[in-house]
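Q: What the sequence shown shows, in my numbering, is residues 97 to 424, in sequence order.
All C-beta atoms in this analysis are idealised placements derived from N, C-alpha and C, irrespective of residue type, glycine included.
Treat the numbers as computed from the prediction; the structure is a model and nothing was measured.
Just passing along the structure, written as structure tokens.
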Amino acid sequence: MGGYTDTRTRGQAFVDTGRAEICALASRRLESARACAAELHCDACFDDYRRLVESQPDALLIEVPHRAQDEIALWALEAGFDVLIGGCLSSSVENGEKIAAAATGGGRLVETGYQRRYDPAWEEIRRLIQNKTLGEPVMAVTMALWNADPHSWYYDQQESGGMPLVHLSYCYLNAVRWILGTPVSVAAVANRKAEISRGRVDEESCAVLVGFENGAFASATASYLGPEGMVDSRPRFVCTNGGILVDLTQPTITISRGDGLEERSWEMGPSPFVRQAERFLSALETRAPALNPPGDALMDLRIAAAVSASIREKRTVDLDGLARREVR
């Protein structure tokens, strides 16, 4: 259920596994559901997501703006469905905790949409870093410039939950923390220069420093402003005895060591979307969580909340302290 393009991409990924078929689609605009359904060879279309139960699905894929996503995810879990959410877990920490609790309480599986954890290049980076093949991890550096449509829900603070949650976590902080380990602190600065009207995202562009338990840090910049020709700089990981440079256009990494450079590439097999769909389908059978379960995905929400708090209060935010305040 959800937006045309994203639903089509992830829906097709399920079809491409050869293990699933799309049995029904729902969209607020019925014509969008019908157009997407035609491409996914699906006959049942609804303009009310609650009617999806009529097709007796085994699980649901949710691809909608985050505030609507919260409502739909909670309904799906209460109705007894396992769920793949195409982006972050929720629009807020509070709602994310409700979704996580509903999944645990009902014995349901929830997987969030961070497909880079299924990319063979990022899997290899994680192996190299965690095995300390290149020495101790020192830092990761990323930049993600994206020319977001100001008329879309991405620019709506309430609908999206904010740019750090929507864009920064996806490009590429979720994958970076999967590699570097447990984050403990956040410091950030931000501005809003292009879309300044009421209701637009609070942080249009931001730079974030995330400290990790092992002493490494990540420097991540993200923006909804992406000037023509200014592609993202390649993510890089620096270690005491070398480093890794990531190619964003293909599954290729360049490894730097004292004795030179080594390039590693992976043949163009199944896309990360297909690999994630495969893992989710297997999880439905084994009842074992995939790589993006709710307990882990809550950290992306906490980091986004810490980014906003750091900007608002002009201080470094301790993530443990933030979590303790949430409990109180």
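#1: Please list the terminal residues of the continuous alpha helix (DSSP H) segment that includes CYS132.
#2: Pick out the complete alpha helix (DSSP H) segments inside the region 241-324, 4 residues or longer, and give them in chain order.
#3: To the nearest angstrom, report how far apart ALA393 and VAL403 are at their CA atoms.
#4: What are the start and end residues of the beta strand (DSSP E) that includes PHE142?
#5: From VAL189, THR345 and GLY182, pick the residue whose C-alpha is nearest to that of TYR210; which is it?
#6: Among the candidates PRO366, ALA401 and THR382, whose CA atom is the shortest distance from the CA of GLY114?
#7: Rounding to the nearest angstrom, what Cα-Cα distance links GLY258 and ASP252 in this structure?
#8: What does the alpha-carbon distance come out to for the pair GLY325 and ALA283?
#9: Around the Cβ of ASN388, are there at least 16 other Cβ atoms within 10 angstroms (buried) or fewer (exposed)?
#10: Which of the three DSSP states is assigned to THR200 in this structure?
#11: Give the secondary structure of VAL206 by DSSP, where H, G and I count as helix, E and B as strand, and everything else as coil.
#12: With which residues is ARG360 paired in a DSSP beta bridge?
#13: In the DSSP assignment, what are the bridge partners of GLY183?
#14: Could you pull out every residue in the same chain whose Cβ sits closer than 8 angstroms to the Cβ of TYR268, ignoring the five residues on either side in sequence?
#15: Compare the beta carbon distance of VAL306 and PRO279 with 8 angstroms and say whether it is the shorter of the two.
A: According to the data block:
#1: Run containing CYS132: 126-135, per the alpha helix (DSSP H) assignment.
#2: Listed in chain order, the alpha helix (DSSP H) runs fully inside the region 241-324 are 253-256 and 270-276, counting runs of at least 4 residues.
#3: Computed Cα separation, rounded: 16 angstroms.
#4: Start and end: 140-142.
#5: Nearest Cα to TYR210 within the set VAL189, THR345 and GLY182: GLY182.
#6: Looking at the Cα atoms, PRO366 is the closest of the given residues.
#7: Rounded to the nearest angstrom, the two C-alpha atoms are 7 angstroms apart.
#8: Near 29 angstroms, if we compare the C-alpha coordinates of ALA283 and GLY325.
#9: Counting the other CB atoms within 10 Å of its CB gives ASN388 a total of 16 or more, which places it among the buried residues.
#10: DSSP, read as helix, strand or coil, puts THR200 in helix.
#11: VAL206 falls in the strand class under three-state DSSP.
#12: Residue pairing for ARG360: DSSP places it in a beta bridge opposite ILE349.
#13: Under DSSP, GLY183 forms no beta bridge with any residue.
#14: The answer, listed in chain order, is ARG212, THR238, ALA240, ALA316 and PRO331.
#15: Cβ atoms of VAL306 and PRO279: closer than 8 angstroms.
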